[in-house]
Amino acid sequence: MGGVAHTDIAAYVLGVLDEADNAVFEAHLADCPHCQFDLLEFYELPEILTEVRKYWPDPPIPQTRPLDGMFDELARMRRRRKILVRVAGAVAVLLVIVGPLITVGLLRSGSAPAGQAPGPAAASAPQTPDMVGTPSMFSGSEAGKSLLAQVIVQPTEWGANVDLVLGGARGPQSCRLVAVPWAGPEQVVTNWSVPGPGAAADPLRISGATSLAPAEIARFEIWTTSGELLATIPR
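The numbering of the sequence shown is my numbering, which starts it at 1 and goes up by one.
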């Protein structure tokens, strides 16, 4: 057998080595963990090839062979099968013994040194309801104007989605919803128009968005395009 012994693992599993090479490899296999693990990967190869052969064309009729040669080949196959079983059992026992030791070693390497208390965990910023996605509600009505408004503010990564439910809207009229923060400039959330009496659903549902977080908003206001304040919707 030429070359490095563990390069002949596939040839050994397939049974193509001659008697001398077979004996040399088996002697090498007894002391080579590398080949023992490779043998576990390759040992099912003959069965796989057998399944593949089911889809091959029928082979030519073989020539008669001496019975002595057939018996020798059968003996080699049985001996190789026994070695495979023994190696598989040895590797399984090795994994059972070594596996827990590796696990304990990894756990110890990740723990604090003896006599040293583990350091305090880094404190995380407390999450407010807005940060975890809880919607905020604003509602209000304007006396003498038969207007009832409710605003639902849903936080997002970039600000908030805003849904306005407006009852008693009358037209013709064009309006805008404005978000008024505790500090800083106001932001127009959305605009809409009611063409005339009976032209809009009641209640009217309108959606918009703002870059303000819900906690930054003090109230909402509804204005007409002519500058009249129709409603104030507090938190």
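In this text, a Cβ means the ideal position worked out from N, Cα and C, and glycines have one as well.
Could you say which of Lys54, Met137 and Ser193 lies nearest to Arg235 if we only look at CA atoms? Met137
Residue range of the unbroken alpha helix (DSSP H) whose run includes Ala27: Glu19 to Leu29
Which residues bound the alpha helix (DSSP H) around Pro33? Pro33 to Phe42
According to DSSP, residues forming a beta bridge with Pro234: Arg219
Could you pull the start and end residues of the beta strand (DSSP E) that Leu212 belongs to? Premise fails: Leu212 is in no beta strand (DSSP E) and is neither H nor E.
Taking Val13 as part of the alpha helix (DSSP H), name the residues at either end of that continuous run. Ile9 to Leu14
May I have a chain-ordered list of the beta strand (DSSP E) segments no shorter than 3 residues that lie completely inside the segment 132-190? 136-142, 147-155, 160-167 and 173-181
Three-state class that DSSP yields for Thr224 in the structure shown: strand
Whole-angstrom Cβ separation of Gln154 and Pro181, contact assumed at under 8 Å? With a Cβ gap of about 17 Å, Gln154 and Pro181 do not count as contacting.
Roughly how many whole angstroms lie between the Cα atoms of Trp158 and Ser211? 6 Å
Helix, strand or coil: how does DSSP classify Ile83 here? helix
So, helix, strand or coil for Ile61, using DSSP? coil
So, with DSSP's three-state summary, where would you put Ser111? The predicted position of Ser111 is uncertain, since its pLDDT is 47 and thus under 50; no value can be drawn from it.
Less than 8 Å between the CB atoms is what I'm expecting for Gln173 and Val189, so what's the real figure, rounded? Between Val189 and Gln173 the Cβ distance is about 17 Å, and since that is not below 8 Å, they are no contact.
Roughly how many whole angstroms lie between the Cα atoms of Ile152 and Thr225? 23 Å
Cβ neighbour criterion (16 or more within 10 Å) applied to Glu221: buried
Could you tell me which residues DSSP puts in a beta bridge with Ile206? Leu164
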